[in-house]
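A.B. asks: Input: one structure, supplied below.
There are 2 protein chains.
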Amino acid sequence: MNSIVTLVQRTTAATPLALAPLNATSLRDQAYTLLKNAIADTDIYDPQQELRLDERQLTTALGVSRTPIREALSLLEQEGFIRTVPRRGIYIIRKSKREMIEMIQMWAALESMAARLATSNASDEEIAKLRHLFDEFQNSPPSEHLGEYSDANIAFHTAVIALGGSQMIMEATKNLMLHVRAIRRATISQSDRAARSIVDHLKIIEALERRDTELAERLTRQHTLDLAAHVDLHCGFLG
Amino acid sequence: MNSIVTLVQRTTAATPLALAPLNATSLRDQAYTLLKNAIADTDIYDPQQELRLDERQLTTALGVSRTPIREALSLLEQEGFIRTVPRRGIYIIRKSKREMIEMIQMWAALESMAARLATSNASDEEIAKLRHLFDEFQNSPPSEHLGEYSDANIAFHTAVIALGGSQMIMEATKNLMLHVRAIRRATISQSDRAARSIVDHLKIIEALERRDTELAERLTRQHTLDLAAHVDLHCGFLG
DNA sequence: GTCGTTATCGTGGTATACCATATATGAAGG
DNA sequence: CCTTCATATATGGTATACCACGATAACGAC
Numbered sequence: 000m001n002s003i004v005t006l007v008q009r010t011t012a013a014t015p016l017a018l019a020p021l022n023a024t025s026l027r028d029q030a031y032t033l034l035k036n037a038i039a040d041t042d043i044y045d046p047q048q049e050l051r052l053d054e055r056q057l058t059t060a061l062g063v064s065r066t067p068i069r070e071a072l073s074l075l076e077q078e079g080f081i082r083t084v085p086r087r088g089i090y091i092i093r094k095s096k097r098e099m100i101e102m103i104q105m106w107a108a109l110e111s112m113a114a115r116l117a118t119s120n121a122s123d124e125e126i127a128k129l130r131h132l133f134d135e136f137q138n139s140p141p142s143e144h145l146g147e148y149s150d151a152n153i154a155f156h157t158a159v160i161a162l163g164g165s166q167m168i169m170e171a172t173k174n175l176m177l178h179v180r181a182i183r184r185a186t187i188s189q190s191d192r193a194a195r196s197i198v199d200h201l202k203i204i205e206a207l208e209r210r211d212t213e214l215a216e217r218l219t220r221q222h223t224l225d226l227a228a229h230v231d232l233h234c235g236f237l238g
Numbered sequence: 000m001n002s003i004v005t006l007v008q009r010t011t012a013a014t015p016l017a018l019a020p021l022n023a024t025s026l027r028d029q030a031y032t033l034l035k036n037a038i039a040d041t042d043i044y045d046p047q048q049e050l051r052l053d054e055r056q057l058t059t060a061l062g063v064s065r066t067p068i069r070e071a072l073s074l075l076e077q078e079g080f081i082r083t084v085p086r087r088g089i090y091i092i093r094k095s096k097r098e099m100i101e102m103i104q105m106w107a108a109l110e111s112m113a114a115r116l117a118t119s120n121a122s123d124e125e126i127a128k129l130r131h132l133f134d135e136f137q138n139s140p141p142s143e144h145l146g147e148y149s150d151a152n153i154a155f156h157t158a159v160i161a162l163g164g165s166q167m168i169m170e171a172t173k174n175l176m177l178h179v180r181a182i183r184r185a186t187i188s189q190s191d192r193a194a195r196s197i198v199d200h201l202k203i204i205e206a207l208e209r210r211d212t213e214l215a216e217r218l219t220r221q222h223t224l225d226l227a228a229h230v231d232l233h234c235g236f237l238g
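Protein sequences appear in the order of chains X and H. Numbering-wise (numbering that gives the first Met the number 0), the first sequence opens with residue 0 and increments by one. Numbering-wise (numbering that gives the first Met the number 0), the second sequence opens with residue 0 and increments by one.
Given below as structure tokens:
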């Protein structure tokens, strides 16, 4: 599972063989993808988690020079995943509660616009596929498969955004998703949110099917703003 | 200024140390800002315009090595301003009409969310300031000062977003603004858009003043979506 | 023992040399 | 002339050496 610790430990441990095929893309892009996935898979809100990165360590861990590592880190810094402090180190950023809420609000803005666009652009077939995402939860309540339901939940929102057809919105929400994913997973098990969530989703699907632009947009926005309000009330562990 | 003597005197004297902004920025950041401004000030849709950049040329022009230039270019590439093609060159990107429309739609999503948030977060005084942006156009029609009105127009939208209070949305729209600015300027003189624009703006301000969340959001969204539709119809010069 | 001074080191920032390869150039062959 | 192939060149990618500077430790004065 590609945690940062795992990456660094590879230095002393086994061979850094994982990056043998360097023919396809640049080392910078490979390092970027690798580091981004590693950060995404790290539970950065665990107080025990080490959040400091070291260029030289990453160099030996990935078997490349500092240059591509540094370029990859620059990109991650601009995306808000890390912060470099001269002569101190490079740190993975913990988002504050305020930042997390702002990201969710931004998500609400973009997904509701996507839903609006979807009522004009998406085909009936594409919209119908949304229902199948929840087929397996029709008979048994989602509380029994929280892990699977959480994945389906995220898949649903991603799918709605895809139906909007805007490459720009899809790109913008990809990074938001990485930041927000941990929160969605953590809150799905709180106060029966899973059951209420599935009701909201079905209403959104119905609105899309009926091509009710205003309703689809409003329901989508409100559903995600509810998450923001929930985080505001129940996620005190965030700074 | 900033002689050694001055610096030393500041140290020994008991002056309140208000001198935060010494040139603490890295060459990478300076190059990034410089290049970004240069690109923003370039009329990239002029067919005559040379769009190719050259790393080595930039190094001699800016008097630094390739390293910070390359890092700055990496950032600009990720933001969608340039594209580097291995062994071909680095090119400033012309946005296609589709991409331009998608950016405007995204702008509509974010600004309307900001307007929604503003009805809860902004103070009466802050909202009142919006009116002053158009004071100078009260008596004379904006068509007589298109340049100034265009600036006021952009300032208005930026101000609405600021009233929302979301740092995240403000950041995200900054780059969108750079891309869209040229289009806003170009279309303000078309088909009496300036006069209609000012009417829309006043309605938005009224909605904000009355704390009518839904209305402020809807008017803001529709105003910008109108621009998207206008670009779709009248900006054939875009790819 | 406490405080201040100095030496060393760790770290990110920068410059530069080198590399790989697509493209351009041009000479040779037809 | 045209085609073909070898060579040269340009350009982005990578590795590495060096630098500046803050932090920390080691040390000395009192």
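The C-beta atom is built at its ideal place from N, Cα and C for all residues, glycine as well. Keep in mind the model is a prediction, meaning the values are calculated, not measured.
Could you tell me which chain X residues have their CB closer than 8 Å to the CB of isoleucine 168 (chain H), listed as they occur along the chain?
C.D. replies: Residues of chain X passing the Cβ test: Glu101, Gln104, Met105, Ala108.
A.B. asks: When DSSP builds the beta bridges, which residues end up paired with glycine 88 (chain H)?
C.D. replies: Answer is H:Val84.
A.B. asks: Between which two residues does the alpha helix (DSSP H) harbouring isoleucine 187 (chain H) extend?
C.D. replies: Note, isoleucine 187 (chain H): premise wrong, no alpha helix (DSSP H); not H, not E.
A.B. asks: Between methionine 176 (chain X) and chain H, is there a C-beta pair that is closer than 8 Å?
C.D. replies: It does not: the Cβ of methionine 176 (chain X) has no partner Cβ on chain H nearer than 8 Å.
A.B. asks: Tell me which same chain residues have a C-beta within less than 6 Å of the C-beta of glutamine 104 (chain H), skipping the five on either side of it?
C.D. replies: Cβ neighbours of glutamine 104 (chain H) beyond the five flanking positions: Ala227.
A.B. asks: Measuring only the C-alpha atoms, how far is phenylalanine 133 (chain X) from aspartate 150 (chain X)?
C.D. replies: One C-alpha to the other measures close to 11 Å.
A.B. asks: In the DSSP assignment, find the unbroken alpha helix (DSSP H) run with lysine 96 (chain H) in it and report its ends.
C.D. replies: Unbroken alpha helix (DSSP H) run through lysine 96 (chain H): 96-120.
A.B. asks: Taking glutamate 70 (chain X) as the query, report the chain H residues whose CB atoms sit under 9 Å from its CB, ordered along the chain.
C.D. replies: By Cβ distance, chain H contributes Arg69, Glu70, Ser73.
A.B. asks: I need the DSSP call for arginine 69 (chain X), collapsed to helix, strand or coil.
C.D. replies: Helix.
A.B. asks: Taking 8 Å as the cut-off, decide whether the C-beta atoms of isoleucine 81 (chain X) and isoleucine 91 (chain X) are in contact.
C.D. replies: Cβ distance < 8 Å, so isoleucine 81 (chain X) and isoleucine 91 (chain X) count as in contact.
A.B. asks: Please report the residue range of the alpha helix (DSSP H) in which tyrosine 31 (chain X) lies.
C.D. replies: Counting along the chain, the alpha helix (DSSP H) containing tyrosine 31 (chain X) begins and ends at 26-39.
A.B. asks: Is there contact here, the region 108-116 of chain X with the region 207-224 of chain X, by at least three beta-carbon pairs under 8 Å?
C.D. replies: Cβ pair count under 8 Å is three or more, so yes.
A.B. asks: Residues in the same chain with beta-carbon distance under 8 Å from threonine 41 (chain H), minus the five sequence neighbours each way, listed in chain order, please.
C.D. replies: For threonine 41 (chain H), where only same-chain residues beyond five positions count, the Cβ hits under 8 Å are Gln48, Ile91.
A.B. asks: Can you grab the Cα-Cα spacing for the pair lysine 128 (chain X) / serine 122 (chain X), in whole Å?
C.D. replies: Going by the C-alpha atoms only, they are around 10 Å apart.
A.B. asks: Using only the alpha-carbon positions, how far apart do histidine 156 (chain H) and leucine 34 (chain H) sit?
C.D. replies: Between histidine 156 (chain H) and leucine 34 (chain H), the C-alpha separation is close to 25 Å.
A.B. asks: Exposed or buried, serine 64 (chain X), counting other C-beta atoms within 10 Å across all chains shown (16 or more means buried)?
C.D. replies: Classification of serine 64 (chain X): exposed, given that the 10 Å Cβ count is below 16.
A.B. asks: State the start and end residues of the unbroken alpha helix (DSSP H) segment that holds glutamate 54 (chain X).
C.D. replies: 54-61 is the span of the alpha helix (DSSP H), which, as asked, contains glutamate 54 (chain X).
A.B. asks: Apply the 10 Å Cβ neighbour rule to histidine 131 (chain H) and answer buried if 16 or more other Cβ atoms are within range, or exposed otherwise.
C.D. replies: Per the 10 Å Cβ criterion, exposed.
A.B. asks: Which class does arginine 217 (chain H) belong to by DSSP, given the choice of helix, strand or coil?
C.D. replies: Reduced to three states, the DSSP call for arginine 217 (chain H) is helix.
A.B. asks: Given a threshold of 16 other Cβ atoms within 10 Å of its Cβ, counted over all protein chains shown, does serine 165 (chain X) qualify as buried or as exposed?
C.D. replies: With 16 or more other Cβ atoms within 10 Å, it is buried.
A.B. asks: Does chain H have any CB closer than 8 Å to the CB of glutamate 54 (chain X)?
C.D. replies: Not one chain H Cβ lies under 8 Å of glutamate 54 (chain X).
A.B. asks: Please report how far the alpha carbon of isoleucine 89 (chain H) lies from the alpha carbon of serine 25 (chain X), in whole angstroms.
C.D. replies: Using only the alpha carbons, I get a separation of about 16 Å.
A.B. asks: May I ask you to list the residues that DSSP assigns as paired with arginine 51 (chain H)?
C.D. replies: Arginine 51 (chain H) is bridged to H:Tyr90.
A.B. asks: Within the same chain, show all residues whose beta-carbon is closer than 8 Å to that of aspartate 231 (chain H), passing over the 5 residues directly before and after it, in chain order.
C.D. replies: Same-chain partners within the cutoff: Lys96, Ile100.
A.B. asks: Between glutamine 77 (chain X) and chain H, is any beta-carbon pair separated by less than 8 Å?
C.D. replies: Yes - at least one Cβ of chain H is within 8 Å of the one on glutamine 77 (chain X).
A.B. asks: Report whether the distance from the Cβ of leucine 132 (chain H) to the nearest heavy atom of the ligand NAP is below 7 Å.
C.D. replies: Among the components modelled here there is no ligand, and therefore nothing to report on the ligand NAP.
A.B. asks: Where does tyrosine 148 (chain X) fall in DSSP's three states?
C.D. replies: Tyrosine 148 (chain X) falls in the helix class under three-state DSSP.
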